[in-house]
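Asker:
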Amino acid sequence: MKRRLPLVSTLALSLGLALLPAAQAALPFGAGSTLTSLAPVVEKVSPAVVNISVSGSKVSRQVLPEPFRFFFGPNAPGEQVQERPFQALGSGVIIDAAKGHVITNNHVIEDADKILITLIDGQEYEAELIGADKQSDIALLKVDAKDLVEIEFADSDRLKVGDFAIAIGNPFGLGQTVTSGIISALGRSGLNVENLENFIQTDAAINSGNSGGALLDLEGKLVGINTAILGPGGGNIGIGFAIPANMVKNLADQILEYGEVRRGVLGVMGGELTSELARTFGYRSQHGAFVSQVMENSAAAKAGLQAGDIIISLDGKPIRSFSELRAKVATMGADKTVTLGLFRDGKEQRVDVTLTRADEANIQANTLHESLEGAALANTGSGDPVQGVKITEVTARSPAAVSGLEKDDIIIGINRQRVRNLNDLRQIIQGKPEVIALNIQRGNSSIYLVLR
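So, in structure tokens, the structure goes:
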């Protein structure tokens, strides 16, 4: 099972090892030695990559337009509900053999009633879902089996463009398949595959069914979880994307500890660092995250961050873009203290920041309701006229804008229930009320907006 992206380029250059002449196939592998075949690495790690098959049913709801209800009689329901069975295939990686923990993509197992894992030797086991995170597309499973083999995590922050990579998965349900290539790019975002994007790009052949499979280095360590492809009809054109191993490990650790992902929040708004911005602020590089606003009472505000700062590193590791910063911070977990490298007033400096939890600070509203997509929310501060949830940003022509939300609106109630903070808002909406009527404080007026 694989998410597909529209074709944006027909140019691809395959640097797979299989295309190298035999005389050039020797690859560096440790001090004083070369690797002339990938077979030893594959033999070691392939038992840790599993095939996943899922089955379940998806419920679709369709509102019957008022004019058509006449034809179905006065007692016709206003909504048609259909339940459709489905089956899907994907891949997974065993990350803890003793405990039977398997990592995969959330979209592989989403809505599944039954998850079946098949090992390379053909043994089948039913797996249970421990927890998942839709925004980062990660899910953690548990299987009760003995003599499993696990894959060790690599430090994905140490990857470089040009490093060799090996992909193992279950493309098109054929069974375990190994392909190879290189790391083509790092920090890819803007693909609209996930809410949190900081992808590794590779030209190792990845196809439908590789979702949740392993992207490895030449030592057989996990550098990423294969997640998306760019190509027509789900076919490989040499552009595949993987979630970095460090993000995967952080998320898995949180799911194991808390049963959920407790997303970390810095509390800044900003964007990518353009060449014009860099010149304006006297910064000689185009790599970094530009801070345009620091949210009141946020972790960033308490640490002394300012609008106009350029964040250039996180825990000593370079930050290439605002998207990378957002994805890394969000997957590091709440209450974690990190060290940010800043460029301010022509000088570099470091500050320590203790991240807050997402439901205590700024969050992306589309995770709550589709009609809120395009809005950023935050708890109100001491300077606001009423207590509630403040709309800090609304993207033009977004669903939130179409719903009638405006910047600086304050949500003070839903369906006649008082909303004092983001936690109240989340709990009410997650109860899935049939209608969501937002009570908004806009300036000196109190209004209602109904979300569909």
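First residue of the sequence shown? That's 43 in this note's numbering, and the numbers climb one at a time after it.
No residue lacks a Cβ here, since even glycine has one placed at the ideal position from N, Cα and C.
1. Please state if the CB of Ser-226 and the CB of Gly-132 are separated by a distance shorter than 8 angstroms.
2. Check whether the Cβ atoms of Gly-330 and Ile-361 lie closer than 8 angstroms to each other.
3. Indicate the three-state DSSP secondary structure (helix, strand or coil) for His-149 in the structure shown.
4. Per the DSSP calculation, Asn-268 is bridged to which residue(s)?
5. Report all residues from its chain with a CB closer than 6 angstroms to the CB of Phe-195; omit the five preceding and five following residues, and keep chain order.
6. With C-beta atoms as the reference, is Phe-332 less than 8 angstroms away from Glu-314?
7. For the pair the region 176-191 and the region 203-217, tell me if three or more CB-CB distances fall below 8 angstroms.
8. If you measure between the beta carbons of Glu-412 and Pro-441, is that distance less than 8 angstroms?
9. Any idea what DSSP makes of Thr-160, helix, strand or coil?
10. Let me know the secondary structure DSSP gives Gln-12 once reduced to three states.
11. According to DSSP, is Asp-377 part of a helix, a strand, or is it coil?
12. Taking three-plus beta-carbon pairs below 8 angstroms as touching, is the region 150-164 in contact with the region 306-313?
13. What would DSSP say about Leu-414, mapped onto helix, strand or coil?
14. Please report how far the alpha carbon of Ile-172 lies from the alpha carbon of Ala-349, in whole angstroms.
15. According to DSSP, which residues form a beta bridge with Ala-343?
16. Which one of Ala-270, Val-87, Ala-187, Ile-242 has the shortest CA to CA distance from Asn-148?
17. Asn-339 CB to nearest chain B CB: under 8 angstroms?
18. Write down every uninterrupted run of the alpha helix (DSSP H) in the region 287-319 whose length is 4 residues or greater and which is fully enclosed by it, in chain order.
19. Can you have a look at Ala-64 and say buried or exposed, based on whether 16 or more other CB atoms are within 10 angstroms of its CB?
20. Checking 8 angstroms against the spacing of the C-beta atoms, do Val-380 and Leu-397 come in under that value?
21. Taking the straight line between their C-alpha atoms, what separation do you get for Asp-199 and Pro-127?
22. On the DSSP letters alone, give me the boundaries of the beta strand (DSSP E) that Ser-327 sits inside.
23. For the alpha helix (DSSP H) containing Arg-468, name the first residue and the last one.
24. So, for Asp-197: in the same chain, excluding its five sequence neighbours on each side, which residues have a beta-carbon less than 8 angstroms away from its beta-carbon?
25. Output the distance between the C-alpha atoms of Ala-417 and Ala-284, rounded to the nearest integer angstrom.
26. Could you check what DSSP says for Gly-215 in three-state terms: helix, strand or coil?
27. By Cβ distance below 6 angstroms, which residues in the same chain neighbour Gly-383 in space, the five residues on each side in sequence not counted?
28. List the residues that DSSP assigns as beta-bridge partners of Asn-481.
29. How far does the alpha helix (DSSP H) with Ala-181 in it reach, from first residue to last?
30. When the distance is taken between beta carbons, is Gly-273 closer than 8 angstroms to Ala-246?
31. Do Ile-453 and Ile-478 have their beta-carbon atoms positioned less than 8 angstroms apart in this structure?
32. Leu-298 to Glu-170, Cα distance in whole Å?
33. Beta-carbon separation of Val-91 and Gln-218 under 8 angstroms?
34. Helix, strand or coil: which one does DSSP assign to Thr-322?
Answerer: If we stick to the structure as given:
1. Position 90 of the sequence shown, counting from 1, holds the residue named residue 132. Position 184 of the sequence shown, counting from 1, holds the residue named residue 226. Going by C-beta atoms, Gly-132 is not nearer than 8 angstroms to Ser-226.
2. Here residue 330 is taken as the residue at index 288 of the sequence shown, counted from 1. Here residue 361 is taken as the residue at index 319 of the sequence shown, counted from 1. The answer is yes: Cβ separation under 8 angstroms.
3. The residue given as residue 149 occupies position 107 in the sequence shown. Residue state, collapsed to three classes: helix.
4. On the sequence shown, position 226 is the one that residue 268 refers to. Looking at the DSSP assignment, Asn-268 forms a beta bridge with Ala-284.
5. Here residue 195 refers to the residue found at position 153 of the sequence shown. Excluding sequence neighbours, Phe-195 sits near Leu-264, Ala-287, Lys-291.
6. Numbered from 1 along the sequence shown, position 290 holds the residue referred to as residue 332. Numbered from 1 along the sequence shown, position 272 holds the residue referred to as residue 314. For Phe-332 and Glu-314, yes; Cβs fall inside 8 angstroms.
7. Segments in contact, no.
8. On the sequence shown, residue 412 is found 370 positions in, with the first residue counted as 1. On the sequence shown, residue 441 is found 399 positions in, with the first residue counted as 1. Yes; because the gap between Cβ atoms is below 8 angstroms, this pair is in contact.
9. The count along the sequence shown starts at 1 and reaches residue 160 at position 118. Strand.
10. As displayed, the chain neither begins before 43 nor continues past 494, which places residue 12 out of reach and without an answer.
11. Counting from 1 along the sequence shown, the entry for residue 377 is found at position 335. It is coil, neither helix nor strand.
12. no
13. Numbered from its first residue, the sequence shown carries residue 414 at position 372. DSSP places Leu-414 in helix when its eight states are reduced to three.
14. Numbered from 1 along the sequence shown, position 130 holds the residue referred to as residue 172. Numbered from 1 along the sequence shown, position 307 holds the residue referred to as residue 349. Approximately 40 angstroms between the Cα atoms of the pair.
15. Here residue 343 refers to the residue found at position 301 when the sequence shown is read from its first residue. Ala-343 is not bridged to any residue.
16. Residue mapping note: residue 148 aligns to position 106 of the sequence shown, counting from 1. Considering only alpha carbons, the answer is Ala-270.
17. Among the chains in the structure shown there is no chain B, since it carries only a single protein chain.
18. 287-300
19. Position 22 of the sequence shown holds residue 64. The pLDDT assigned to Ala-64 is 33, lower than 50, so where the model puts this residue is not dependable; a value taken from the coordinates is nonetheless given after this. Exposure of Ala-64 is indicated by the presence of fewer than 16 other C-beta atoms within 10 angstroms of its C-beta.
20. Here residue 380 corresponds to residue number 338 of the sequence shown, with the count starting at 1. Here residue 397 corresponds to residue number 355 of the sequence shown, with the count starting at 1. For Val-380 and Leu-397, yes; Cβs fall inside 8 angstroms.
21. If you number the sequence shown from 1, residue 199 lands on position 157. If you number the sequence shown from 1, residue 127 lands on position 85. Between Asp-199 and Pro-127, the C-alpha separation is close to 40 angstroms.
22. Looking up residue 327 in the sequence shown gives position 285. Per DSSP, Ser-327 belongs to no beta strand (DSSP E) and is neither H nor E.
23. Translated into positions along the sequence shown, residue 468 becomes position 426. Residues 464-472.
24. In the sequence shown, counting from the first residue as 1, residue 197 sits at position 155. Around Asp-197: Ala-287, Asn-288.
25. Against the sequence shown, residue 417 aligns to sequence position 375. Against the sequence shown, residue 284 aligns to sequence position 242. Their Cα atoms are separated by approximately 27 angstroms.
26. If you number the sequence shown from 1, residue 215 lands on position 173. If DSSP states are grouped into helix, strand and coil, Gly-215 belongs with the helices.
27. In the sequence shown, the residue the question calls residue 383 occupies position 341. Hits under 6 angstroms: Ile-354, Ser-355, Arg-392.
28. In the sequence shown, residue 481 corresponds to position 439, counting from 1. In the DSSP output, where bridge partners are listed per residue, Asn-481 has Gly-455, Tyr-490.
29. By 1-based counting over the sequence shown, the position of residue 181 is 139. Per DSSP, Ala-181 lies in no alpha helix (DSSP H); the unbroken beta strand (DSSP E) holding it starts and ends at 180-185.
30. Along the sequence shown, read from residue 1 onward, the residue named residue 246 stands at position 204. Along the sequence shown, read from residue 1 onward, the residue named residue 273 stands at position 231. In this structure, Gly-273 does not lie closer than 8 angstroms to Ala-246 by Cβ.
31. As a first step, residue 478 must be located in the sequence shown, where it is residue number 436. As a first step, residue 453 must be located in the sequence shown, where it is residue number 411. Result no, Cβ atoms of Ile-478 and Ile-453 do not sit closer than 8 angstroms.
32. Your numbering for residue 298 matches position 256 in the sequence shown. Your numbering for residue 170 matches position 128 in the sequence shown. Looking at the two C-alpha atoms, the distance is approximately 13 angstroms.
33. Counted from its first residue, the sequence shown places residue 91 at position 49. Counted from its first residue, the sequence shown places residue 218 at position 176. Contact: yes.
34. As a first step, residue 322 must be located in the sequence shown, where it is residue number 280. Note: Thr-322 maps to helix in three-state DSSP.
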